[in-house]
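Engineer: This structure is in structure tokens; I'll ask about it shortly.
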Amino acid sequence: MASTAFAARRRRTRSSREFRLVLACCLLLLLLLSWCNTSFGSRASIHHPDFSSSDFSSAVETRADKAQGQEVIAPGPSHTMVTAEQGTSMPLRLISFNIRYATRRPVRGEQPWNVRCPKLGAQLRFVTTGHRSPFVCLQEALYSQVNDVQAQLGPSWAHIGRGRGDGETDGEFSPVFYRADVWKCVRSETRWLSPTPEKPSRGWDADLNRIVTMGEFSHRATDARVVVMSTHLDHKGVVARNNSAKLLLAFAEEWSSGKGTEASAVLIGGDFNSTPDEEAYRTITAPGSGMSDIADLVPESSKYGNHLTYTGFGDPDESPGRIDFLFIREPRTAKIETFGVLANSFDDQLRLSDHRAVVADLDIKV
Ligand SMILES: *[C@@H]1O[C@H](CO)[C@@H](O)[C@H](O)[C@H]1NC(C)=O
């Protein structure tokens, strides 16, 4: 009997001890929960910039936050409010690069494509990695080179464009590479720079078929639209280049407003085979043409790197020149932040291409 009473008391004691333990655990859990709440709350407040303090740091915070969070975090109502009240912008990097077609008979000083490709790929990655919105306009890329560059850039990238010959994969492409995880291509088209732009054709006094590849891209997180065009004008035909410049102006105007939506920026990158004092460049930048050379929108003292864009492969008979350009359609809302012409050879003296890459950073309205 006594032993039964003792056991019952022990059971009671144990159960009350268990009860206290459970209670303590519950309290601890509650504490933890409330701490989590405050912690998440304060982190979330970064997404809600203080509207009363419209100082610089608050604006920067909003932008940095947007840049970091735009793909991962679906913009909530507070984001929309920020956009509506302050008007936000985001960085876009535009690159144009004539990569030189993979010839079977390299000229003096030229390394074959299989040697140039990994180095060129490394440069493209170096100037795009860490940038949310890089667009790369290439010229002279054969079908196999387009695939090689795609492999160099990796699966987060995609490209648009086709060959300038009769078949889709025939001849040189002027493709546009873009980050498919950040931008959605809503329409794309390759047109011929000739009196019949809708079909493979050679225009006027041109030596070869010439094309422009056009893409309209929608920013996945904000719905902002940009139009990016990549082109390569003829190396011989003066009239063809001049008329191609006029076609590019007309195409840019045509695509500047999609289905009721104005593009935040209409951009052209290309090899114009025309120096600034030649006809095609003069036509495209003529007063009232609606197009500006992005290089002219950056103060001379803040431009980076080289001035000339064509170098050849070192043959003394080749004359270097400034023939690759980036253009933006007016009236622009984008702010031009940087402009530069990169190097195409380094310590090993190996030329990536006979051209140099041309790069600009823009801040576009979203
Ligand atoms: C180029 O186009 C402009 C503008 O239409 C014209 O005035 C000029 O004569 C043209 N030049 C050539 C070489 O076709």
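Those letters in the sequence shown? Residues -41 to -1, 1 to 325, by mature numbering (1 follows the signal peptide of the UniProt record, and there is no 0).
Note that the Cβ used here is the ideal one computed from N, Cα and C, for glycine as well.
1. Between the segment 118 to 134 and the segment 76 to 85, do at least 3 Cβ pairs fall closer than 8 Å?
2. Just tell me which of Ile282, Pro156, Ser260 and Ser278 has its CA closest to the CA of Phe298.
3. Given a threshold of 16 other Cβ atoms within 10 Å of its Cβ, counted over all protein chains shown, does Pro93 qualify as buried or as exposed?
4. Can you tell me which residues fall inside 6 Å of ligand 1, judged by beta-carbon distance to its nearest heavy atom, and keep chain order?
5. Please state the DSSP three-state secondary structure of Asp307.
6. Would a C-beta distance cut-off of 9 Å place Ile287 and Ile243 closer than the cut-off?
7. Inspect the beta-carbon positions of Asn232 and Arg200 and report whether they are closer than 9 Å.
8. If we ignore side chains and look at the alpha-carbon of each, how far apart do Ala245 and Leu208 end up?
9. Between the alpha carbons of Asn106 and Asn303, how many angstroms are there, rounded?
10. Compare the Cα-Cα distances from Ser189 to each of Val171, Gln104 and Trp214 and report the closest residue.
11. Take residue 352 and list the residues in its own chain whose beta-carbon comes closer than 8 Å to its own, dropping the five residues that flank it on each side.
12. Mind checking which residues open and close the alpha helix (DSSP H) that includes Ile243?
13. Is it buried or exposed, Phe(-2), if we count other Cβ atoms within 10 angstroms and call 16 or more buried?
14. Got a sec, what are the start and stop residues for the beta strand (DSSP E) Pro156 sits in?
15. Which of helix, strand or coil does DSSP assign to Val317?
16. Identify the continuous alpha helix (DSSP H) that holds Val198 and give its terminal residues.
17. Could you pull out every unbroken alpha helix (DSSP H) segment of at least 4 residues lying fully inside the segment 95 to 165, listed in chain order?
18. Can you tell me the Cα-Cα spacing of Glu238 and Pro290, whole angstroms?
19. Could you give the C-beta distance for Val135 and Gly174, rounded to a whole number, given that I count them as a contact under 8 Å?
20. For Asp255, write down the residues that DSSP places opposite it in a beta bridge.
21. Thinking just about the alpha-carbon of each residue, which of Ala183, Glu277, Trp72 and Tyr263 is nearest to the one in Ala100?
22. Rounded to whole angstroms, what's the CA-CA distance from Pro114 to Phe176? Just pull it up for me.
23. In this structure, does DSSP put Asn73 in helix, strand or coil?
Structural biologist: So, from the data block:
1. With fewer than three CB-CB distances shorter than 8 Å, the segment 118 to 134 does not count as touching the segment 76 to 85.
2. Walking along the sequence shown from the start, residue 298 turns up at place 339. Closest option to Phe298, Cα to Cα, is Ser260.
3. Within the sequence shown, numbered from 1, the residue matching residue 93 stands at position 134. Buried.
4. Qualifying residues, in the order they occur: Val197, Val198, Asn201, Glu238 and Thr242.
5. If you number the sequence shown from 1, residue 307 lands on position 348. Per DSSP, reduced to three states, the secondary structure at Asp307 is coil, with no helix or strand assignment.
6. Position 328 of the sequence shown holds residue 287. Position 284 of the sequence shown holds residue 243. It is not a contact, given that the beta carbons lie outside the stated cut-off.
7. Residue 232 sits at position 273 when you count from the first residue of the sequence shown. Residue 200 sits at position 241 when you count from the first residue of the sequence shown. Yes.
8. As a first step, residue 245 is located in the sequence shown; it is residue number 286 there, counting from the start. As a first step, residue 208 is located in the sequence shown; it is residue number 249 there, counting from the start. The straight-line gap from Cα to Cα measures roughly 11 Å.
9. Along the sequence shown, one-based indexing puts residue 106 at 147. Along the sequence shown, one-based indexing puts residue 303 at 344. As the crow flies, the alpha-carbon of Asn106 is around 21 Å from that of Asn303.
10. Residue 189 sits at position 230 when you count from the first residue of the sequence shown. Cα-wise, what sits closest to Ser189 is Val171.
11. Residue 352 is absent from the model: the chain starts at -41 and stops at 325.
12. Position 284 of the sequence shown, counted from the first residue, corresponds to residue 243. In the DSSP assignment, Ile243 falls within the alpha helix (DSSP H) that extends over Glu238 to Thr244.
13. Sequence index remark: in the sequence shown, residue -2 carries index 40 (1-based). At Phe(-2) the pLDDT is 40, less than 50, meaning the model places this residue with poor confidence; the figure from the coordinates comes in the next sentence. Classification for Phe(-2): exposed.
14. As a first step, residue 156 is located in the sequence shown; it is residue number 197 there, counting from the start. Careful: Pro156 lies outside any beta strand (DSSP E) and carries neither H nor E.
15. As a position in the sequence shown, residue 317 is number 358, starting the count at 1. The answer is strand: DSSP assigns Val317 an E or B state.
16. The count along the sequence shown starts at 1 and reaches residue 198 at position 239. Its alpha helix (DSSP H) spans residues Val197 to Ser215.
17. The qualifying runs are 102 to 112.
18. Reading the sequence shown from its first residue, position 279 is the one you call residue 238. Reading the sequence shown from its first residue, position 331 is the one you call residue 290. Taking the straight line joining both Cα atoms gives about 23 Å.
19. Counted from its first residue, the sequence shown places residue 135 at position 176. Counted from its first residue, the sequence shown places residue 174 at position 215. The pair is a contact, with the Cβ atoms about 5 Å apart (cut-off 8 Å).
20. If you number the sequence shown from 1, residue 255 lands on position 296. Answer is none; Asp255 lacks a bridge partner.
21. Position 141 of the sequence shown, counted from the start, is the residue given in the question as residue 100. The residue with the shortest Cα to Cα distance from Ala100 is Trp72.
22. Along the sequence shown, one-based indexing puts residue 114 at 155. Along the sequence shown, one-based indexing puts residue 176 at 217. Answer to the nearest angstrom: the Cα atoms are 18 Å apart.
23. Counted from its first residue, the sequence shown places residue 73 at position 114. Asn73: helix per DSSP, three-state reduction.
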